[in-house]
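With the numbering used here applied, the sequence shown has no gaps in its numbers, which climb one by one up to 1345 at the end. Here the structure comes first, spelled out in structure tokens, and everything after it is commentary.
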Amino acid sequence: EEVAAAYGVKHSFGPEYIIPAPFDPRLMEIVPAAVAQAAMDSGVATKPIANMAAYRQELRARLNPTTSVLSLADEGARANPKRVIFAEGEEEVVLRAAIAFKAEGYGTPVLVGRESVLESLRALGANPDDFELHNSVNSPLVPEMVDLLYKRLQRRGYLRRDAERMVNRDRNIFGALLLQMGKADAMITGVTRTWAESMRQVKRVIDPQQGRTPFGMHILVGQSHTVFMADTTVNERPNAEELADIAEGAALVARRMGHEPRVAFLSYSNFGNPEGRWLENLRGAIKALDARGAEFEYEGEMSPDVALNPKQLANYPFARLSGPANVLIMPGLQSANISAKLLRELGGDSIIGPILMGMEKSVQIAPMTASASELVMLAVLAAGGIAR
């Protein structure tokens, strides 16, 4: 799907199309594995590959530094396959992601959409019998869903007919209710609506985890570094306690992915130079973590160059970081979201995210421009127990 978009064509197997753009790095894990599998199936191969999934993972890791970062999530998802709802099941990019998710052995895709989705799966070369489809038009779960949603919203200005309309017409509401009712373990959405609108719909059904502050994070992956950045999507101007919550949640994700967190609270100021009106929230977050006895390194306020450059950090020998920060806590949503999007468009690193943390159920909201591989990545993070 990504390669087809890059070359501006819609490929279909035939005499004009056998091996697509064979040296495109996006296909370097696909084509060799397919050739090897065909060689084994035909009996040509003299040394069969015992574990094709591991072989593809090895190919991936050689070319893409993101792969090693995701290895723990990948292993977790394969070891304990989950049911993941793909709420926008009528979109081709979502169907491609669902097909890949199942083919890689990560779990069972649960699609939300009309019956035409089954024909779309056939057109993409998949067997519709391998997928579970939920359609609000004929789902026996709709009455229970309406009851559940109306109970949640009846004191927020909604009538029962409003709940009926949302269940029957809104795929995010319908998918979130499936998740809330225990019909799946996680949900992926986002490609048909803005992130903020998708989040508003999800929150009508699913609450934040008790005692936690929901937040979004991006992961920057380079050849020699991995950096976690939060909050990039949810809290416009977090207070000190919320910043401390975000730091704890981001540090937890870093640990789950095999990194020892070193957290920096970012600012234009380095320890009071220059002074400013917004620094108290950052200083309050440090005090809050002190009071909580946080078991990871953290420091602030500091500018990005001090947080990431050891020579700059050496100018502040009292700083409590043993090395460059790998978890960056931003002071507000504007700076965080702008930075994440600039890095995605202009930076040389791979970008994972946004990843939604702190909700009662595992929900991931992708960017509207997400590719199939990015959707699979979010699904794996959710299914592998990293993003929750």
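Just so you know, even glycine gets a beta-carbon here, dropped at the ideal spot from N, CA and C.
Problem set entry | Closest residue to arginine 1071 among Ala1030, Arg1126, Ile1176 and Thr1170 (Cα-Cα distance) | Nearest option by C-alpha distance: Arg1126.
For this session: Inspect the CB distances between the region 1135-1152 and the region 1100-1112 and report whether three or more fall short of 8 Å.
Result: Result yes; three or more Cβ-Cβ pairs closer than 8 Å.
For this session: Reducing DSSP to helix, strand and coil, say where phenylalanine 1172 ends up.
Result: In this structure, DSSP gives phenylalanine 1172 an extended state, which the three-state scheme calls strand.
Exercise. Just checking my contact of valine 1210 with isoleucine 1145 at CB under 8 Å: how many whole Å lie between their CB atoms?
Worked result: Actually they do not touch by this definition, with Cβ atoms about 18 Å apart.
Exercise. Considering only C-alpha positions, which residue in the set Asn1196, Gly1147 and Ser1093 is nearest to threonine 1170?
Worked result: Considering only alpha carbons, the answer is Asn1196.
Exercise. Cβ-heavy atom distance between valine 1210 and the ligand ZN below 6 Å?
Worked result: As far as ligands go, the structure on display features none, and thus does not contain the ligand ZN.
Problem set entry | Straight-line gap, leucine 1068 to valine 1124 (C-alpha atoms, nearest Å) | Approximately 15 Å, taken between the alpha carbons.
Exercise. Should alanine 1007 be labelled buried (16 or more other beta-carbon atoms within 10 Å of its own) or exposed?
Worked result: An exposed status is given to alanine 1007, since fewer than 16 other beta-carbon atoms sit within 10 Å of its beta-carbon.
Exercise. What first and last residue would you give for the alpha helix (DSSP H) that runs through alanine 1340?
Worked result: Counting along the chain, the alpha helix (DSSP H) containing alanine 1340 begins and ends at 1329-1340.
Exercise. Among Thr1189, Ile1322 and Val1178, which one has its Cα closest to the Cα of glycine 1304?
Worked result: Checked all of Thr1189, Ile1322 and Val1178; the closest Cα to glycine 1304 is Val1178.
For this session: Determine the extent of the alpha helix (DSSP H) in which isoleucine 1056 is found, giving its start and end residues.
Result: DSSP places isoleucine 1056 inside the alpha helix (DSSP H), whose first and last residues are 1049-1060.
Problem set entry | Start-end ranges of the alpha helix (DSSP H) lying completely within the region 1259-1285, minimum 4 residues | Within the region 1259-1285, the complete alpha helix (DSSP H) runs of at least 4 residues are 1261-1265 and 1267-1270.
For this session: Assign arginine 1161 to one of three DSSP states: helix, strand, or coil.
Result: Three-state DSSP puts arginine 1161 in coil, outside helix and strand.
Problem set entry | Candidates Gln1321, Glu1317 and Pro1005, of which the one nearest proline 1311 by Cα | Closest in C-alpha terms to proline 1311, from the list Gln1321, Glu1317 and Pro1005, comes Gln1321.
For this session: Go ahead and pull the three-state DSSP assignment for glutamate 1232.
Result: Here glutamate 1232 sits in coil by DSSP.
Exercise. Curious, which full-length beta strand (DSSP E) runs of at least 3 residues does the region 1069-1132 contain?
Worked result: Unbroken beta strand (DSSP E) runs of no fewer than 3 residues, entirely contained in the region 1069-1132, are found at 1089-1091, following chain order.
Exercise. Hey, quick one: how far does the beta strand (DSSP E) through valine 1320 stretch, first residue to last?
Worked result: First-last of the beta strand (DSSP E) with valine 1320: 1319-1322.
Exercise. Pick from Asn1129, Pro1261, Thr1149 and Arg1113: whose alpha carbon is nearest that of histidine 1091?
Worked result: Comparing Cα-Cα distances from histidine 1091 to each of Asn1129, Pro1261, Thr1149 and Arg1113, the minimum goes to Asn1129.
For this session: Could you round the C-beta distance between leucine 1200 and alanine 1242 to whole angstroms and report it? I think they count as a contact, below 8 Å.
Result: Contact annotation, leucine 1200 with alanine 1242: C-beta distance approximately 4 Å; criterion of less than 8 Å satisfied.
Exercise. When we look at the beta-carbon of asparagine 1283 and count the other beta-carbons within 10 Å, is it buried (16 or more) or exposed?
Worked result: Buried.
Problem set entry | Simplified DSSP assignment, three categories, for valine 992 | DSSP places valine 992 in helix when its eight states are reduced to three.
Problem set entry | 8 Å contact criterion, which threonine 1149 and glutamate 1048 should meet: CB distance rounded | With a contact defined as Cβ atoms closer than 8 Å, threonine 1149 and glutamate 1048 qualify at about 6 Å.
Exercise. Under the three-state reduction of DSSP, which class applies to tyrosine 1225: helix, strand or coil?
Worked result: Looking at tyrosine 1225 - three-state DSSP - the assignment turns out to be coil, as it is neither helix nor strand.
Exercise. With 16 other CB atoms within 10 Å as the buried threshold, where does threonine 1003 fall?
Worked result: Classification for threonine 1003: exposed.
Exercise. Could you give the distance in angstroms between the alpha-carbon of arginine 1219 and the alpha-carbon of glutamine 1166?
Worked result: Arginine 1219 and glutamine 1166: Cα-Cα distance of roughly 24 Å.
Exercise. Between which two residues does the beta strand (DSSP E) carrying isoleucine 1042 extend?
Worked result: Run containing isoleucine 1042: 1039-1043, per the beta strand (DSSP E) assignment.
Exercise. What are the boundary residues of the alpha helix (DSSP H) that includes alanine 1211?
Worked result: In the DSSP annotation of this structure, the continuous segment of the alpha helix (DSSP H) that includes alanine 1211 starts and ends at 1197-1213.
Exercise. Can you tell me whether glutamine 1158 is buried or exposed, with buried defined as 16 or more other CB within 10 angstroms of its CB?
Worked result: Counting of Cβ neighbours within 10 angstroms places glutamine 1158 among the buried residues, the total reaching 16 or more.
Exercise. What first and last residue would you give for the beta strand (DSSP E) that runs through glycine 1033?
Worked result: In the DSSP assignment, glycine 1033 falls outside any beta strand (DSSP E) and lies within the alpha helix (DSSP H) extending over 1028-1036.
For this session: Sort out for me which residues DSSP pairs methionine 1314 with in a bridge.
Result: Phe1172.
Exercise. Going along the chain, which residues of its own chain have a beta-carbon closer than 7 Å to the beta-carbon of glycine 1132, five neighbours each way excluded?
Worked result: Excluding residues within five positions, the ones whose Cβ falls inside 7 Å are Ile1042, Ala1044, Val1069, Met1144 and Thr1146.
For this session: Assign methionine 1325 to one of three DSSP states: helix, strand, or coil.
Result: It is coil, neither helix nor strand.
Exercise. Could you give the residue range of the beta strand (DSSP E) that holds alanine 1297?
Worked result: Judged by DSSP secondary structure, alanine 1297 falls outside any beta strand (DSSP E) and instead within the alpha helix (DSSP H) spanning 1290-1303.
Exercise. Given proline 1085, which residues of its chain have a CB within under 7 Å of its CB, disregarding the five upstream and five downstream residues?
Worked result: Only Leu1075, Leu1078 and Arg1079 meet the Cβ criterion.
Exercise. Straight-line CA distance for leucine 1335 to alanine 1011?
Worked result: Cα to Cα, the separation comes out at about 20 Å.
Problem set entry | isoleucine 1145 - containing beta strand (DSSP E), residue span | 1143-1146 is the span of the beta strand (DSSP E), which, as asked, contains isoleucine 1145.
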